[in-house]
Amino acid sequence: MGKFLKIAAAGAVMLGMMCGTAAYAQEVIVGLITKTEGNPFFVKMREGAQAKADELGITLQTFAGKFDGDNDSQIAAIENLIASGAKGFAIVPSDSSAIVPTIQQARDAGLLVIVLDTPLDPIDAADATFATDNRQAGRLIGQWAAGSLGDAAANAKIAMLDLAVNQPTVDYLRDQGFMEGFGIDVKDPNKYGDEDDARICGHEMTGGAEDGGRTAMETLMQKCPDINVVYTINEPAAAGAYEALKAAGRDDGSVLIVSVDGGCPGVANVKDGVIGATSQQYPLLMASMAMEAIKKFADTGEKPAVTEGLDFFDTGAALVTDKPVAGVESIDTTKGAELCWG
Amino acid sequence: MSDDASGSAVAEKGLAGATQAVASFEEDRKGPIRQVQSFLHSYPTAIPFIVLIVGIIIFSIAAGSKFFAPFNLSLVLQQVTIIGVLGIAQTLIILTAGIDLSVGAIMILSSIVMGRLSVVAGVPVEISFVLGVGTGILCGLINGLLVALVKLPPFIVTLGTWSIYGAMIIFISNSETIRSQDIAAIAPMLQWMGARVALGGGAILTAGSMVMILIAATVWYVLNRTAFGRHIYATGDDPEAARLAGINTTWTLIGVYTLAGFICALASWVLIGRVGAVSPLGSQTANLDSITAVVIGGTSLFGGRGSIVGTLLGALIVGMFRNGLALAGVDVLWQEFAVGALIIIAVTTDQWIRKISA
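Protein chains in written order, with my numbering: chain L, 34 to 375; chain Z, -15 to 342.
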């Protein structure tokens, strides 16, 4: 940023603060910072936060990165919130560790910081984390896949369709959780790619989208033609993988696809048999709980607690499938469709 | 005039004993390297072609029959189709010494217009399709007008419209994905580009790949056999000289950007055919990937030199590296590394070849 811009920005912020303090002395400002505008998961999260903010009579300011992984925009958003005198904010970090110093600045300035969905690295860098237990979400689909295959699980051939090369927390937590649930030795539990189990064909990146899912699946099928289990980071990647299977004539049910997210298109895909099972998470709940927590903090100074036995507050994950497996708790697609987002 | 006559006679005398040869360019440095340089200057697609062949040989050794199989080679062709089509649009722009950062956004916006209108709004698919293509053309026209009439640098214009078209994508799509099954049920025409034809030996060609080759052939014809094509090269090489030679560079530029927008709209059709669904996410680096294909394909970023065939080869090289390295069991990280190295080598080579005309 040029010097002129910096001065101009500082001037604008100061003006804003002067007007703000004069006109809205009693106003409680809270922020919500998501990864992108373009993902329905975050759109739902914003809707949930807005509804709760209206109910509580607090002012919500929302921000988002330009793309998944856009750390700079999130830093700017936090700076804006500190400048506007916010009481606290909820953030879905694009980069789990690079955002930590800026979050520390916000906490030093007296803001309550609640991290949603993607835990920070380290997790205690925030005041609280409200998230799906992504590792548990992965475990559920891993257990389901192993249970569905029965004895054949010992000779399974697994394609791992991951998110991105830099392995953000949500990426390795789901991936490694799936492996744990399936019964694979994960080696370092916070890193994928170091396993030596012969059942794993390989890891390919999808960017969490359909086009990436299709290309990744095609490549892995070429590497291991006998793939019969496909782990996918999310449902768009699963939909892309299914297109590749369909093109190869392997959409006959001989390949199990499992995923995580529980978006409405994803749940519909479970109902149609495209995806065998998915772990559903609850963005509306996460966001509205965060708004309540910040309001409470603004009123009483009290900070939210964590779930017993965990270092974050678990907003829950439910396995959605129409082919339940004994010993793995699940809900059917009718129930899943009621709870879905996006 | 007698003064002149006598003057030249004096000058003629002064020239006594001088060489009678007509003026010519110096050719004294014609060593083997110079000859290679000269050859590459005349045939800009030679390097990408050689890289592709060498790559096929190396990966065939490293990854064996999994790589060198008709099915897999045709798979690489399928995987690069979207980037290939966008690359054709990008080549046209880069030949005019411009750059288009908005190609990926135009593609997704067109696909969303097609998908939303037909599946969500219930508009007949043919009309949705035409409006989707029209969206692409309009986006290209806007870029062209800003570059040619308002005379803004293409980089700035398309940086801005990339953001604007991106916002329109989110606004129109409501951030929602339209599922493959819904499109198949309501607007199957949108998925037509995914239709597959089995060739011999396991190779499979999709309608999208064939359309890519068809678009490339058409654009090749336009570039090499029409006045408009010569105008594009001339405008890119030296806009001032082109203008003095009587070329309407303003309309050439507007035409190029609009044509690129149209090709991006066709790319959106190819995209729906390949991924089935219409999604506001994904293909986010398609603009950069298209530039990568153009650069590796030997088209100069400085305009006026390059070819469509080179771009298709460039896209195939990137696809081949990703596929071959994955099949050889190499980590994804190194696939990205390899593509980056290819870009640097391609531009270095371009600069070196350009020295022959310096």
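Glycine included, each C-beta is placed from N, C-alpha and C at the ideal position.
Beta-carbon spacing of residue 263 of chain Z, residue 161 of chain Z below 7 angstroms: For the purposes of this step, residue 263 of chain Z is taken as residue 279 along the second sequence, with counting starting at 1. For the purposes of this step, residue 161 of chain Z is taken as residue 177 along the second sequence, with counting starting at 1. Yes, Cβ-Cβ distance for residue 263 of chain Z and residue 161 of chain Z is below 7 angstroms.
Residue(s) in a DSSP beta bridge with residue 236 of chain L: Translated into the one-based positions of the first sequence, residue 236 of chain L becomes position 203. Residue 236 of chain L is bridged to L:193.
For residue 67 of chain L, does the three-state DSSP call read helix, strand or coil? The residue given as residue 67 of chain L occupies position 34 in the first sequence. DSSP places residue 67 of chain L in strand when its eight states are reduced to three.
By how many angstroms is the C-alpha of residue 310 of chain L removed from the C-alpha of residue 133 of chain L? By 1-based counting over the first sequence, the position of residue 133 of chain L is 100. By 1-based counting over the first sequence, the position of residue 310 of chain L is 277. About 34 angstroms.
Verify whether the separation of the beta carbon atoms of residue 201 of chain L and residue 117 of chain L is less than 7 angstroms. Mapped onto the first sequence, residue 201 of chain L falls at position 168. Mapped onto the first sequence, residue 117 of chain L falls at position 84. Cβ atoms of residue 201 of chain L and residue 117 of chain L: not closer than 7 angstroms.
Using a Cβ cut-off of 7 angstroms (strictly closer), state whether residue 233 of chain Z contacts chain L. Along the second sequence, read from residue 1 onward, the residue named residue 233 of chain Z stands at position 249. Answer no: the Cβ-Cβ gap between residue 233 of chain Z and chain L never drops below 7 angstroms.
Entirely within the segment 238 to 301 of chain L and at least 3 residues each: give me those beta strand (DSSP E) ranges in chain order. 262 to 265, 289 to 294
Check for me: the alpha helix (DSSP H) holding residue 209 of chain Z runs from which residue to which? Stepping through the second sequence from its first residue, residue 209 of chain Z is reached at position 225. The continuous alpha helix (DSSP H) containing residue 209 of chain Z extends over residues 191 to 209.
Beta strand (DSSP E) segment containing residue 124 of chain L, residue limits: Reading the first sequence from its first residue, position 91 is the one you call residue 124 of chain L. It spans 121 to 124 - the beta strand (DSSP E) in which residue 124 of chain L sits, taken as one unbroken run.
Can you name the start and end residues of the beta strand (DSSP E) that residue 147 of chain L belongs to? Here residue 147 of chain L refers to the residue found at position 114 of the first sequence. Looking at the DSSP string, the run of the beta strand (DSSP E) that includes residue 147 of chain L is 145 to 149.
Tell me the DSSP bridge mates of residue 347 of chain L? Residue numbering aside, residue 347 of chain L sits at position 314 when the first sequence is read from its first letter. Answer by DSSP bridge pairing, in chain order: L:164.
Out of L:78, L:72, L:66, which one is the CA nearest neighbour of residue 243 of chain L? Taking the first sequence and counting its residues from 1, the one referred to as residue 243 of chain L is at position 210. Looking at the Cα atoms, L:72 is the closest of the given residues.
Mapping the DSSP letters down to three states, classify residue 188 of chain Z as helix, strand or coil. Counted from its first residue, the second sequence places residue 188 of chain Z at position 204. Looking at residue 188 of chain Z - three-state DSSP - the assignment turns out to be strand.
Within chain Z, partners of residue 247 of chain L - CB distance below 7 angstroms: Walking along the first sequence from the start, residue 247 of chain L turns up at place 214. Near residue 247 of chain L (Cβ distances below 7 angstroms), the residues of chain Z are 258, 259.
Are any of the Cβ atoms in chain L nearer than 7 angstroms to that of residue 303 of chain Z? By one-based count along the second sequence, residue 303 of chain Z stands at place 319. Chain L, which has no Cβ nearer than 7 angstroms to the Cβ of residue 303 of chain Z, makes this no.
So, is residue 205 of chain Z buried or exposed, given that buried needs 16 or more other C-beta atoms within 10 angstroms? On the second sequence, residue 205 of chain Z is found 221 positions in, with the first residue counted as 1. Residue 205 of chain Z comes out exposed.
With 7 angstroms set as the bound, which would you pick, yes or no: does the beta-carbon of residue 100 of chain L sit closer than that to a beta-carbon of chain Z? As a working note, residue 100 of chain L is residue 67 in the first sequence. So, interface residue.
Using a Cβ-Cβ cutoff of 7 angstroms, what residues of the segment 262 to 280 of chain L are near chain Z? List them in chain order. 269, 272, 273, 276, 280
Coil, strand or helix - residue 86 of chain Z by DSSP: Mapped onto the second sequence, residue 86 of chain Z falls at position 102. It is coil, neither helix nor strand.
Which value, in whole angstroms, describes the spacing of the CA atoms of residue 343 of chain L and residue 156 of chain L? Within the first sequence, the letter at position 310 stands for residue 343 of chain L. Within the first sequence, the letter at position 123 stands for residue 156 of chain L. Computed Cα separation, rounded: 11 angstroms.
Nearest-angstrom beta carbon gap, residue 297 of chain L and residue 373 of chain L [assumed within contact, 8 angstroms]: One-based indexing of the first sequence puts residue 373 of chain L at position 340. One-based indexing of the first sequence puts residue 297 of chain L at position 264. Residue 297 of chain L and residue 373 of chain L do touch by the CB rule: their CB atoms are close to 4 angstroms apart, below 8 angstroms.
Name, in chain order, the residues that DSSP records as bridge partners for residue 162 of chain Z. For this step, residue 162 of chain Z is matched to residue 178 along the second sequence. Its beta-bridge partners are Z:262.
Assuming residue 76 of chain L contacts residue 159 of chain Z under a Cβ cut-off of 8 angstroms, what Cβ separation, rounded to an integer in Å, is found between them? The residue given as residue 76 of chain L occupies position 43 in the first sequence. The residue given as residue 159 of chain Z occupies position 175 in the second sequence. Their Cβ separation, rounded to whole angstroms, is 5 angstroms, which keeps residue 76 of chain L and residue 159 of chain Z in contact under 8 angstroms.
Does any residue of chain L bring its CB to less than 7 angstroms from the CB of residue 307 of chain Z? Taking the second sequence and counting its residues from 1, the one referred to as residue 307 of chain Z is at position 323. Yes, residue 307 of chain Z lies at the interface with chain L (some Cβ there is under 7 angstroms from its Cβ).
Is there a Cβ of chain Z sitting closer than 7 angstroms to that of residue 57 of chain L, yes or no? The residue given as residue 57 of chain L occupies position 24 in the first sequence. With a pLDDT of 47 at residue 57 of chain L, under the threshold of 50, the modelled position of that residue is not reliable, and no figure is offered here.
Cβ separation of residue 72 of chain Z and residue 270 of chain Z, assumed to be a contact under 8 angstroms, to the nearest whole Å: Sequence index remark: in the second sequence, residue 72 of chain Z carries index 88 (1-based). Sequence index remark: in the second sequence, residue 270 of chain Z carries index 286 (1-based). Their Cβ separation, rounded to whole angstroms, is 13 angstroms, which puts residue 72 of chain Z and residue 270 of chain Z out of contact at 8 angstroms.
Closest Cα partner of residue 104 of chain Z within the set Z:289, Z:82, Z:166: For the purposes of this step, residue 104 of chain Z is taken as the residue at position 120 of the second sequence. Considering only alpha carbons, the answer is Z:166.
Extent of the continuous beta strand (DSSP E) run through residue 310 of chain L: One-based indexing of the first sequence puts residue 310 of chain L at position 277. 310 to 313 is the extent of the beta strand (DSSP E) around residue 310 of chain L.
Leaving out the 5 sequence neighbours to the left and right, which residues in its chain are closer than 6 angstroms to residue 179 of chain Z when beta-carbon positions are compared? Taking the second sequence and counting its residues from 1, the one referred to as residue 179 of chain Z is at position 195. Taken in chain order, the residues that qualify are 191.
Would you say residue 212 of chain L lies against chain Z (beta-carbon separation less than 7 angstroms)? As a working mapping, residue 212 of chain L is identified with position 179 in the first sequence. No, no contact with chain Z.
Rounding to the nearest angstrom, what Cα-Cα distance links residue 261 of chain L and residue 190 of chain L in this structure? In the first sequence, counting from the first residue as 1, residue 261 of chain L sits at position 228. In the first sequence, counting from the first residue as 1, residue 190 of chain L sits at position 157. About 6 angstroms.
Could you tell me whether any Cβ in chain Z is nearer than 7 angstroms to the Cβ of residue 298 of chain L? Reading the first sequence from its first residue, position 265 is the one you call residue 298 of chain L. Residue 298 of chain L counts as touching chain Z.
Measuring CB to CB, does residue 270 of chain L end up less than 7 angstroms from residue 290 of chain L? Along the first sequence, read from residue 1 onward, the residue named residue 270 of chain L stands at position 237. Along the first sequence, read from residue 1 onward, the residue named residue 290 of chain L stands at position 257. No, the pair does not count as a contact, with Cβ atoms beyond the cut-off.
Smallest Cα separation from residue 232 of chain L: which of L:187, L:176, L:143, L:167? Within the first sequence, the letter at position 199 stands for residue 232 of chain L. Of the listed residues, the one whose Cα sits closest to residue 232 of chain L is L:187.
Cβ-Cβ separation, residue 63 of chain L to residue 324 of chain L (assumed contact under 8 angstroms), whole Å: On the first sequence, residue 324 of chain L is found 291 positions in, with the first residue counted as 1. On the first sequence, residue 63 of chain L is found 30 positions in, with the first residue counted as 1. Indeed, because the Cβ distance is near 6 angstroms, the residues count as touching under 8 angstroms.
I want to see whether chain Z comes within less than 7 angstroms of residue 371 of chain L, judged by CB atoms only; does it? For the purposes of this step, residue 371 of chain L is taken as residue 338 along the first sequence, with counting starting at 1. So no, residue 371 of chain L is outside the interface.
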